[in-house]
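Residue numbers (the numbering used here), protein chains in the order written: chain A, 1 to 199; chain B, 200 to 967. Ideal Cβ positions, reconstructed from N, Cα and C, are used throughout, including at glycine.
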Amino acid sequence: MFKSRKNLVYVMAFAALAFTSCESDDPVIENDQEVITDVTLSFQELNAAGNPVGAVTTFKASDPQGIEVGTAPTIDNVTLTKGKTYSMKIDVRNSIENEDITKEIIEEADEHQFFFVGSAFVGSPVLTYQYADPSGELIGVEGKVTVSTSPGLNNATMRIVLRHDLDKNFPGATNPNFENFVQAGGESDLDIAFPLILN
Amino acid sequence: MNFIKYLLLLSIWSLFVPNTSAQNCNLAIRGKVIHLENNEPIETGYIWIKEVERGEITDKDGNFTIKDLCPGSYTLQIQFLGHKEIKDSIVLSTNSFSKTYRMEEESLNLAGVEIHGHRDAVQTTTSVSALYGEALLAARGESLGESLKRIAGVTTFSTGNTISKPVIHGMHSNRIMILNNGIRLEGQQWGAEHAPEIDPFLADEITVIKGAETVRYGPEAMGGVILVNPAPLDTKKAQKTELNLIGGTNGRMGNLAVTHSGGSGKIKGLGYRLQGSTKRAGNVRAPDYYQGNTGMSELNFTGALGYSNNKLGIETYYSFFNTSIGILRDAHTGNLSDLTDIIQNGRPFTNSDFTYEIDNPKQVVSHHLAKVKSHYHLSDNWKLNAQYGFQLNLREEFDRRRGDLNNSPSLDLKLFTNTIDLYLDHTHKNEFSGTWGVNLIHQANSNVPGTGVTPLIPNYDMVNVGFYLMEKYSKGPIELEAGLRYDYRTIQTARFIQNELQESDLNYQNFSAFIGGLFQINPRISFSSNLGSAWRPPNVNELFSQGLHHGAAAVEIGDVDLNSEKSLKWVNELEYDHNNLHIELTGYANHINNYIYINPTGETVVSLRGTFNVYEYLQANAFFYGFDIAGSYQFTEKISAYTKGSIIRAKNTEENNYFPFIPSDRMDWGVAYDFGSNTDKTNTLTLSNMLVAKQRREPDFDIAAAPPGYSLFNLAYQKQIQIRDNKLNLGAQVQNLLNTSYKEYMNRFRYFTDDIGRNILLKINYQF
């Protein structure tokens with residue numbers, strides 16, 4: 001029934017066939033989908049009634065290669081005037097894929113939140129921030145910033161952190177200047193320190 | 200005066216010494232009885248000397264000694280069921296006699312005689328330990344890494360409690376090899392969080408070889424080899440089923456495993472086995488809190504069909520392993536400040552409840568392994584073996600991602616591996632036996648497109664060919680072995696880095712050798728020593744890593760110019776076995792040239808996402824050495840005790856500092872009480888204590904200091920009940936009896952959480 005020599009030949013033949021058929025695929029350029037290359041802060045001055053007045057000033061933090069090993073990001077100095085109130089908008093983009101990530105953040109509002117910490121917001125704050133997102137949820141894409149009339153600090157830092165997948169109900173998470181945001185869980189998708197210059 | 204004293208003493212002495220004839224009647228015949236076809240020792244073989252009407256039975260190593268013989272001619276009759284009787288005429292003169300006898304199988308047609316299972320022999324001159332029978336029953340329900348902790352010298356390198364990689368003498372991942380029924384397991388084992396894709400339930404014996412085994416098994420068998428072997432297939436009409444049902448409180452774990460094997464009545468020599476297991480567990484609980492998203496599920500299956508007669512055998516085998524593993528949510532950090540904060544916190548930030556749900560981050564892995572093996576007896580002494588193995592490993596790793604991307608894996612790898620083994624075993628009536636063989640591995644790794652993440656490792660094709668020969672000299676109480684191997688490996692890689700195609704073509708080669716000996720000094724003491732060289736070409740991740748290691752707040756940079764690691768390991772084992780005391784002491788020294796390790800550069804990378812530490816892969820000379828001890832003592836018929844301990848020292852001899860993730864000193868000891876009056880049936884309660892020291896030999900840099908040492912208590916009860924012809928084994932275990940909070944240095948989750956709290960397990964094993 002079993003031809004002794006033959007079965008060995010069958011084993012080898014089968015093996016030889018399988019050997020030649022398995023080859024690695026050609027590599028494919030993978031479009032890095034979660035890369036963030038540009039974060040733009042747009043400030044529009046508000047008058048006493050809360051209406052926009054004047055031009056919009058923008059300040060950018062950008063890293064053309066995104067989040068991978070590259071050169072350090074270029075971060076603009078943010079210039080604001082003492083005593084004034086501004087509406088602030090944050091715009092997040094992936095310029096490699098020409099993607100508007102701000103939209104995605106708003107769509108997943110329950111999983112994202114910006115926190116504003118650093119010496120400009122915490123301690124004896126130079127800036128006071130309020131969430132003002134149109135949907136009413138606390139995201140931080142849109143907000144209101146008031147600059148102190150007599151700030152105690154000159155070279156303050158605006159540290160803007162985007163948290164993903166946090167627990168928004170964690171005690172303290174409703175505070176935009178919540179320093180212990182890490183305790184609310186999740187991870188940082190953005191952590192940028194903008195130097196602040198006051199006129 | 201002295202002279203007279205001497206005469207007096209001599210005359211007194213001569214009164215006491217029996218006045219035998221001028222001959223010396225305390226000669227002995229020593230021998231060893233082994234199987235002809237694979238050198239495995241024959242226990243309870245029977246040796247009868249006609250002239251003195253005395254006999255002896257061989258011990259578990261096949262050795263026997265017949266003492267107090269006078270010089271003269273003797274006829275030895277050596278018998279063992281199912282084997283041809285050996286008759287040997289010998290002459291004893293002034294020296295004792297020693298010989299090795301090789302018994303050949305009988306081609307009997309008697310009912311109830313099992314044709315020998317044709318199992319391949321394991322090298323005996325190096326340190327070998329096995330987990331089988333009762334010890335394996337006690338380990339059922341645990342992963343492979345966790346099960347093997349019961350062997351002295353073996354620890355785990357883990358990422359939480361659901362991902363455990365075995366560590367032999369301080370070495371893991373690509374420095375040890377795991378074989379699934381003789382096929383080298385090939386998955387993405389370079390990853391620290393990539394556990395071996397194998398289910399211990401497929402095995403009835405798990406063997407650990409703690410030596411450099413490159414000659415026999417190929418490159419990367421540097422620290423040792425783990426053989427996961429199912430029972431040999433039945434060759435006569437029989438039906439056997441084994442059912443395992445296990446439940447555990449921690450993680451509310453349920454585990455079911457069934458094995459059914461049998462032999463055909465119609466076709467003699469045809470046997471089959473079907474085996475499957477499934478496991479489901481929810482969030483692990485540390486003493487004070489749940490580890491969020493640490494559930495897991497597993498579904499595994501193996502099937503085998505084989506035919507063997509006295510001339511040839513053929514076996515086909517298929518093994519399927521499939522698992523989903525949740526990764527602790529807080530372990531996937533965004534950047535360095537996140538990581539620093541959670542390390543300082545000492546526990547996860549998120550307060551989780553219990554759930555079976557597995558969310559992202561998670562791993563989904565499938566592994567298919569198929570094998571065809573055939574052997575053919577060219578003659579009584581020559582056996583030809585051919586084995587072909589095919590493997591497909593599919594690994595997907597998911598992260599928490601934005602929008603629809605949350606459903607796409609961040610890592611999606613497809614690995615094909617083909618292996619061919621062709622080897623010739625030969626044994627002779629003289630003392631030599633050996634194996635000559637050739638081994639071919641072909642591997643193809645591809646990144647499945649569509650992840651939206653630059654791949655961590657490139658696509659590659661690899662071919663490794665090795666030629667080896669090993670010879671063993673076996674005479675009485677001495678066995679000597681030596682072997683030589685040549686390997687050649689070629690690897691072609693291709694990938695896109697920032698839209699630019701990068702290809703590379705690398706090759707490596709090496710000669711490896713070993714020499715070893717086993718000396719049965721006397722029936723109580725045996726000593727083995729093995730000196731072997733091994734090598735390991737660099738892994739793709741060590742060569743090509745470039746970028747953010749998601750979830751580890753680290754940027755890793757590989758080095759394409761890395762050289763192969765070359766090592767020399769000297770393992771010695773002393774075994775003492777007499778009456779109530781059994782001790783095994785293993786001592787080893789391992790020098791590795793160009794040992795590859797990951798090292799923080801001290802630099803950080805600042806990106807829009809935050810700051811990350813930069814690590815690079817470096818090479819340096821390393822020296823590992825250590826001791827393992829395993830001992831047991833039977834105090835009374837009912838009370839016995841055991842101890843197992845190990846210490847490892849590993850140093851970077853160039854920088855004069857220590858490597859990261861080397862196990863600390865540990866000892867496990869326990870006392871067992873046997874309730875049973877019938878010594879045949881187990882009925883034992885064991886209380887044990889595991890003591891683990893703090894790792895004081897820390898590398899110069901670690902993101903967190905080594906955790907303090909700890910002590911855990913465990914209670915285990917095992918009872919065997921005979922139900923007619925069937926066996927029922929009941930077990931109950933309480934692990935971490937006192938619900939101690941601790942962190943283990945070798946668990947990468949020590950940065951984020953305490954280790955597992957109390958776990959109560961109930962195990963039912965029914966064999967019918």
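Reduced DSSP category for residue i - H, G, I as helix; E, B as strand; rest coil
i       : result
Y909(B) : strand
V182(A) : helix
A829(B) : strand
Y416(B) : helix
Q387(B) : coil
P253(B) : Just to set this straight, residue 253(B) is Arg in the shown sequence, not Pro. Strand, per DSSP.
G491(B) : coil
N964(B) : strand
L683(B) : strand
I846(B) : strand
Y575(B) : strand
Y950(B) : helix
F279(B) : coil
D38(A)  : strand
K409(B) : coil
T852(B) : coil
G450(B) : coil
Q894(B) : coil
C-beta contact flag for residue i and residue j at 7 angstroms
i       : j       : result
D403(B) : A430(B) : yes
G525(B) : T493(B) : yes
A156(A) : S119(A) : yes
R594(B) : P27(A)  : no
I160(A) : V92(A)  : no
T532(B) : D32(A)  : no
G462(B) : K439(B) : no
I375(B) : I362(B) : no
T448(B) : I797(B) : no
Y471(B) : L511(B) : no
P736(B) : T692(B) : no
L213(A) : V145(A) : Lying before the first or after the last residue shown, residue 213(A) is absent from chain A, which here runs from 1 to 199.
I197(A) : T79(A)  : yes
F296(B) : I233(B) : no
Cβ-based burial, residue i [other Cβ within 10 Å; buried from 16]
i       : result
I265(B) : buried
R895(B) : exposed
W734(B) : buried
H566(B) : buried
H317(B) : Below a pLDDT of 50, predicted positions are generally treated as unreliable, and H317(B), at 44, falls in that range; no measurement from the model is reported.
F215(B) : Note on F215(B): pLDDT 47, under 50, position unreliable in the model; no value is reported.
N928(B) : buried
K348(B) : buried
I466(B) : exposed
Partner residues on chain A for residue i, Cβ-Cβ distance less than 7 angstroms
i       : result
Y659(B) : S24
F666(B) : The contacting residues do not exist; F666(B) stays about 17 angstroms from chain A at best.
D827(B) : Ordered by position in chain A, no residue passes the 7 angstroms Cβ test against D827(B), which lies about 39 angstroms from the chain.
Chain-ordered neighbours of residue i on chain A, where CB pairs are closer than 8 angstroms
i       : result
G602(B) : E104, E107, E108
T549(B) : D167, G185
N698(B) : I29
R688(B) : Within 8 angstroms Cβ-Cβ: nothing; R688(B) doesn't reach chain A, min ~16 angstroms.
Contact set between residue i and chain B, taken where Cβ atoms lie within less than 8 angstroms
i       : result
A120(A) : Those within 8 angstroms of A120(A) in chain B number zero; the least Cβ separation is about 17 angstroms.
A204(A) : With chain A running from 1 to 199 in the structure shown, residue 204(A) is simply not present.
E99(A)  : What E99(A) touches in chain B: nothing, since even the nearest Cβ is about 10 angstroms away.
Proximal residues of chain A, C-beta to C-beta of residue i below 9 angstroms
i       : result
R694(B) : P27
Residue i beta carbon near the ligand NAP (any heavy atom closer than 6 angstroms)
i       : result
F296(B) : Of the ligands one can find in the structure shown there are none, so the ligand NAP has no counterpart to examine.
Residues that residue i contacts on chain B, provided the C-beta gap is smaller than 7 angstroms
i       : result
S188(A) : G533, N534, D537, R808, G809
Item checked: Where the segment 638-655 of chain B meets chain A: residues whose CB sits under 9 angstroms from a CB there -> Those would be L639, H641, Q642, A643, N644, S645, N646, V647, P648, G649, T650, G651, V652, T653, P654, in chain order.
Notebook entry, point to check: Relative to chain A, which residues along the segment 531-543 of chain B have a C-beta separation below 8 angstroms, given in chain order?
Noted result: Result list: H531, T532, G533, N534, S536, D537, D540, I541.
Item checked: Where the segment 26-45 of chain A meets chain B: residues whose CB sits under 8 angstroms from a CB there -> Taking 8 angstroms as the Cβ-Cβ cut-off against chain B, the residues of the segment 26-45 of chain A that qualify are D26, P27, V28, I29, E30, N31, D32, Q33, E34, I36, T37, V39.
Notebook entry, point to check: What residues from the segment 604-632 of chain B come within 7 angstroms of chain A, judged by C-beta to C-beta, listed N to C?
Noted result: Listed in sequence order: L604, F615, N617, I619.
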